[in-house]
Structures are given as C-alpha cells and as structure tokens.
Amino acid sequence: MDEKKGPGDEKYICRCEEVTEAEIRDAIRAGARSVVEIKRWTRAGMGICQGRSCRRLVERILAEELKLKPEEIEISSFRQPVRPVSIKAMDE
Amino acid sequence: MAYLRCDVAILGAGVNGTSIAYELSKRGKKVLLIDKIVMGAGASGSCDDMILLQSKKPGILLEMAFKSLELFESLKDELPSDIEFETRGGTILIEDEEHLAIMEDFVASQNKYGLDVEIIDRKRLLQLQPLVAEDIIASTYSARDSQVNPMLLMKAFLLGARQKGMELLSRTRATSVERLNSGWRLLLDSGDSVETEVVVNAAGAWANDITKLIGFEVPITPRKGQVIVTEAIPPLGATNVWSAQYIVSKLKPQDAAKNASGGAAAQAPAERFGLGFAFTGTHNGNYLIGSTRENRGFDKSTDPEAIGLLSAQVERFFPVMSKINFIRTFAGLRPSTPDGYPFLGEIPGAPGFFIAAGHEGDGIALSPITALVMADLITGKKPKFPMETFDPGRFGGKAGL
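Chains as they are written, first to last, in our numbering: chain A, 45 to 136; chain B, 599 to 999.
Below, the structure is given as structure tokens:
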C-alpha cells in the first residue's frame, strides 16, 4: 500500500463504517471490480444505512478507476430489510 | 484468450480455497485460484464468525478443531493483514433440568477428550451474560471458543498467497476438464485454458458441478442457514452464546422435538426450519443472530417467517434485544454431506484431482487445518491425521474419464 498521503485519504465515503476514498481505491487496485467486492473488502456499505449514502459514490470511484461508464458497473445486491426494523416488530 | 500454466489450480475462492492457496504458495507451488463469482461469494461470505470447539462431537473433527485453533493463533501474526481473531469463550444456555442432564453427559465426554469445558450455574453465567433471560438455569462454559472475521480471513489468505506469486481469476468457471499425460487441462468460459499438475475442487456446496466434469458424483448438498445482522450496539456480555437445544437436537432428536423452545405451537415451524440459536457480537458491534438449517436447494433468499423465528428466539434468550434494530439478513448455503464429514483427498480414478469440500458449518473453523492436510497430500507428505474418514471415495464411485 502507498504510505504517502494523497487527496481523498481523509475523505470518508462510507460514513457509517468510516471507510475513506483511499481505502476504496486500494481495494480496486487489489482487484475489486464491483460494489459487492468493495463491501466485502472494506465494509463500505455495511453500516446502519446499508449503503444508501455511499453506494453511488462507490460506483463512481469504481467507474473512474476501471475507466468504465457508470452504467457498466455491476449492479450491487440489496439485503432485506433495506431499512432498519426492530427485532420486536418481527417476533410475530 | 490466454494459455495459462500452474502447478495447482484451485476452483473456488472461499475460505478453504484461499487457505489452501496460501499454504501451497508458502510451499513454493505456483497457484492459480479460480472463482466463478468472486472471493467469498458462497457460504464463506455468508456465515457467522465462531470457531467453536464445544459444538464438536468428541472425535477426529474435535481433534482437527484443536489443531486449527492453534494454527489460528500463529496465523493472526503471520498473515499480512488483520483477521480479528479473538478468544472470548463460549456459553451454551441450558433451559431446563432435562437439557442439563444431557449437557452434563456431553461435557463429561468432551472433558475426556481433553476439551476444557464445564457446566456453570446461573450465578456464574450472570457474570458472563448479565442480560440473559431469567429462566435460564445454567450454561456450559469453555474459555477456548474463539472467533475470526471470515471476510478478513479470506482477504488475508489471498494477500499472503499473492505475495508469494499466486494469481486469482474471478468471474470464470471451468466448463471442461481433460486429463493429460501428466496433469490436467481446464477450459474456462472466459476462453482461457489452464494446464496444471494438480486440480483442487474447493467449491463448497457447488463442488458436484466440478466433479461431474470428470464423471464423479460427490454427495454434497446445500443446507441453507439464515442469519440476522443487528445495528452496532455495545457488548451485551463477554462470550459467544448458543442454546443447548442445538446440541440436544444433534444428540437426541426425539427429546429436542418434545422440548422445542416456544412451546407446542412454535414446534412445527422451528423444526421445519431446523432452528438453533447462535448469537455472536462482531468487532464492529453488530450482532449476528442465527440460524436455520434448511434443505431448500440452491435458493439463497431469506424469508420473513424464518426471520420472525430468529427474532422471537433472541428475545426469548435475551429479552433486551426486542429494543434493537436489525439492518440486514442473509443466507448462506453450507455444503453438507451424508455423514457430516467433509471430503478431503484425491478423487478415485483421477490422480492429481483433489477435493476439499463439504465442511457444512465448520468451514471457517477448519480452514487452517484443511489447508495443511491438503497441502501435505498434494506435495506427497503424510498428513498428521488419519484421512480415511474424509476419503472422497467412501460412498463409492470413481471418476469416469
């Protein structure tokens, strides 16, 4: 990993899990090519908002790094219940 | 279209594929790791984080789990990135006198085998789990039960193997396999072809798709486990938790049915979903609430009925959880085998074609030892464990090439 600080090192893309732009770019350079791989590699998108804030940003960084159009980025998966639900609400 | 050469081609980049890749790379082999989707796309990326000794029946799997735990202790320093390995201990909650009697016997048999586990009373349990439900009468406790982050573990194996020259191909699968005079040729759907001395099938629940290519049927079937992920919360207690119900249903299925938690009304769905309670807090503060054991083919969806059962179950053992939100659910397909043992070894009639799959719920815990015995077999060393139990040919058949 590059030790020297560049622009984006301190910029948080996923605020729930505190993942910086630099960490996401590192994951792509290590071989990630989709939002789901970046999620597994860095936890970006795995917090309380489930990627609703950062998914678009991650897709843009991916498109930029891989030199693809945004629509060429693999669509990421969504996990139920998408928004937080209380345990109590589910217990029947 | 490329023509690739390697010493060992591993199919499946789950926890066992990556651990074997790491071990063989360390031993100087040129490894190519191939996954039809991406790293951790199967069961290894859809599971909890527990390395349990207590759940193992005394026997070779418990012995291998002991060795695996030792290996984890050195891997956490040896691997190039953090794996969040931690030894928190584990507690199995006991709901009534009948379960207590069964668990006392089980613990005694584990003690004889050298596992450090004991029954603790409610007073001691409260020191470990202050928020446990009022009617839990006792618990087991083993200080050795541990945990590891499966995603970080795979990532670390992958980075470690890469440093030693391993290459990874994602999003491509083998469509045909041809035996050469020495070794094998794989044709991939990317158009690439791979020539290799050795093939290792580490495709978990999908392992049979690969053995079929050499005319061999391996009885591995997918068993679905649904899990709830909560929002991050402060730790509720010191240990990982699961219920005696789970162990009892393994040991004495008829008793388990009679005593299914939630009473007679809940009995049928709980059985239908193979419900068992497993509860663990991750490093990030999210709790994982599991799990079901269902035979539903390759369907990976989660459903409200199962999530409802899991929710009711966590409230039953930890009433405070009713106030907590969950943010995600997922299901993983555990590769299960008819006798509960994985297939580790060479496929009969196919020299140089190996399989390491079928660990069901023990894949993460056993990945370090699996890598060691597989690397021994592949490099012609005698593994330190008797391998007959894991023989890929034990249900008959032979490769039809």
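For each residue, glycine too, the CB sits at the ideal point set by N, CA and C.
- Message: Measuring straight from C-alpha to C-alpha, what distance separates residue 679/B and residue 759/B?
- Response: Roughly 12 Å between the two C-alpha positions.
- Task: Note down, in chain order, each residue of its chain lying with its Cβ closer than 7 Å to the Cβ of residue 707/B, except the 5 sequence neighbours on either side.
- Result: Hits under 7 Å: 656.
- Message: Would residue 928/B pass as an interface residue toward chain A - the criterion being a Cβ-Cβ separation below 8 Å?
- Response: Cβ-Cβ to chain A under 8 Å: yes for residue 928/B.
- Which residues in the same chain as residue 875/B place their Cβ atom closer than 7 Å to its Cβ, once the five residues preceding and following it in sequence are excluded? If you ignore the 5 residues before and after residue 875/B, its C-beta comes within less than 7 Å of the C-beta of 840, 841, 843, 844, 911 and 915, all in its own chain and listed in chain order.
- Message: Taking a contact to mean a Cβ-Cβ separation below 8 Å, would you say residue 923/B touches residue 815/B in this structure?
- Response: No, these two residues do not count as a Cβ contact at 8 Å.
- Message: By alpha-carbon positions, which one of 998/B, 926/B and 754/B ends up nearest to residue 675/B?
- Response: Per the C-alpha coordinates, the member of 998/B, 926/B and 754/B positioned closest to residue 675/B is 754/B.
- Task: Please compile the residues from chain A whose C-beta is within a distance smaller than 7 Å of the C-beta of residue 564/B.
- Result: Lying outside 599 to 999, the shown extent of chain B, residue 564/B is not represented and no answer is given.
- Under 8 Å between C-beta atoms, does residue 636/B make it to chain A? Taking 8 Å as the CB threshold, residue 636/B lines the interface with chain A.
- Given that residue 123/A touches chain B, what residues does it touch there, using C-beta distances under 9 Å? Here the neighbours are 827, 900, 925, 926, 927 and 928.
- Given 8 Å as the limit, is there contact between the segment 106-113 of chain A and the segment 783-800 of chain B, that is, 3 or more CB pairs closer than that? The answer is no - the segment 783-800 of chain B does not touch the segment 106-113 of chain A, with fewer than three Cβ pairs under 8 Å.
- Message: Short of 7 Å in beta carbon distance, which residues of its chain neighbour residue 92/A, apart from the five on each side in sequence? Order them along the chain.
- Response: These residues qualify, in order along the chain: 60 and 128.
- Every unbroken beta strand (DSSP E) within the segment 756-840 of chain B, with a cutoff of 3 residues, ordered by chain: As for any beta strand (DSSP E) of minimum length 3 sitting wholly inside the segment 756-840 of chain B, the runs are 765-767, 772-777, 782-786, 791-799 and 819-830, ordered along the chain.
- Query: Leaving out the 5 sequence neighbours to the left and right, which residues in its chain are closer than 7 Å to residue 787/B when beta-carbon positions are compared?
  - Reply: If we look at residue 787/B and ignore the five residues flanking it on each side, its Cβ neighbours are 770, 771 and 773.
- Task: Using three-state DSSP, classify residue 747/B as helix, strand or coil.
- Result: If DSSP states are grouped into helix, strand and coil, residue 747/B belongs with coil.
- Exposed unless 16 or more other CB atoms sit within 10 angstroms - verdict on residue 654/B: With a threshold of 16 other beta carbon atoms within 10 Å, residue 654/B meets it and is buried.
- Query: Any idea if residue 861/B is buried or exposed, counting beta-carbon neighbours within 10 angstroms, 16 or more meaning buried?
  - Reply: Here residue 861/B scores only 49 on pLDDT, less than 50, and its place in the model is too uncertain to base an answer on.
- Would you please verify whether the beta carbon of residue 109/A is less than 8 Å from any beta carbon of chain B? No - not a single Cβ of chain B is within 8 Å of the one on residue 109/A.
- Coarse secondary structure for residue 897/B, derived from DSSP in three states: Here residue 897/B sits in coil by DSSP.
- Message: Buried or exposed for residue 119/A, going by 16 or more other Cβ atoms inside 10 Å?
- Response: Classification of residue 119/A: exposed, given that the 10 Å Cβ count is below 16.
- Query: Among 996/B, 943/B, 919/B and 995/B, which one has its Cα closest to the Cα of residue 730/B?
  - Reply: Comparing alpha carbon positions, the residue from 996/B, 943/B, 919/B and 995/B closest to residue 730/B is 919/B.
- Query: Which value, in whole angstroms, describes the spacing of the CA atoms of residue 806/B and residue 677/B?
  - Reply: C-alpha separation (whole angstroms): 31 Å.
- Query: Any idea what DSSP makes of residue 63/A, helix, strand or coil?
  - Reply: Residue 63/A: strand per DSSP, three-state reduction.
- Along chain B, which residues have their Cβ under 9 Å away from the Cβ of residue 67/A? The contacting residues do not exist; residue 67/A stays about 12 Å from chain B at best.
- Query: Considering residue 960/B, what are the terminal residues of the beta strand (DSSP E) in which it resides?
  - Reply: No beta strand (DSSP E) contains residue 960/B, which DSSP labels as neither H nor E.
- Item | Sub-8 Å separation of residue 783/B and residue 793/B beta-carbons | Closer than 8 Å, so yes.
- Query: Leaving out the 5 sequence neighbours to the left and right, which residues in its chain are closer than 7 Å to residue 613/B when beta-carbon positions are compared?
  - Reply: Within the same chain, Cβ atoms closer than 7 Å to the Cβ of residue 613/B are found at 642, 748, 751, 752, 961, 962 and 965, the five residues on either side in sequence being excluded.
- Task: For the beta strand (DSSP E) containing residue 924/B, list its first residue and its last residue.
- Result: Segment 923-934, the beta strand (DSSP E) holding residue 924/B.
- Message: Nearest by alpha-carbon distance to residue 125/A: which of 742/B, 899/B and 618/B is it?
- Response: Among 742/B, 899/B and 618/B, the Cα nearest to that of residue 125/A is on 899/B.
- If you count every other CB in all the chains shown that lies within 10 Å of the CB of residue 993/B, and 16 or more means buried, which is it? Residue 993/B should be labelled exposed.
- Message: I want to know whether the segment 606-625 of chain B touches the segment 944-955 of chain B - three or more CB-CB distances under 8 Å.
- Response: At 8 Å Cβ cutoff, the stretches touch.
- Task: Quick one: give me the first and last residue of the alpha helix (DSSP H) that residue 906/B is part of.
- Result: Counting along the chain, residue 906/B sits inside the alpha helix (DSSP H) bounded by residues 902-915.
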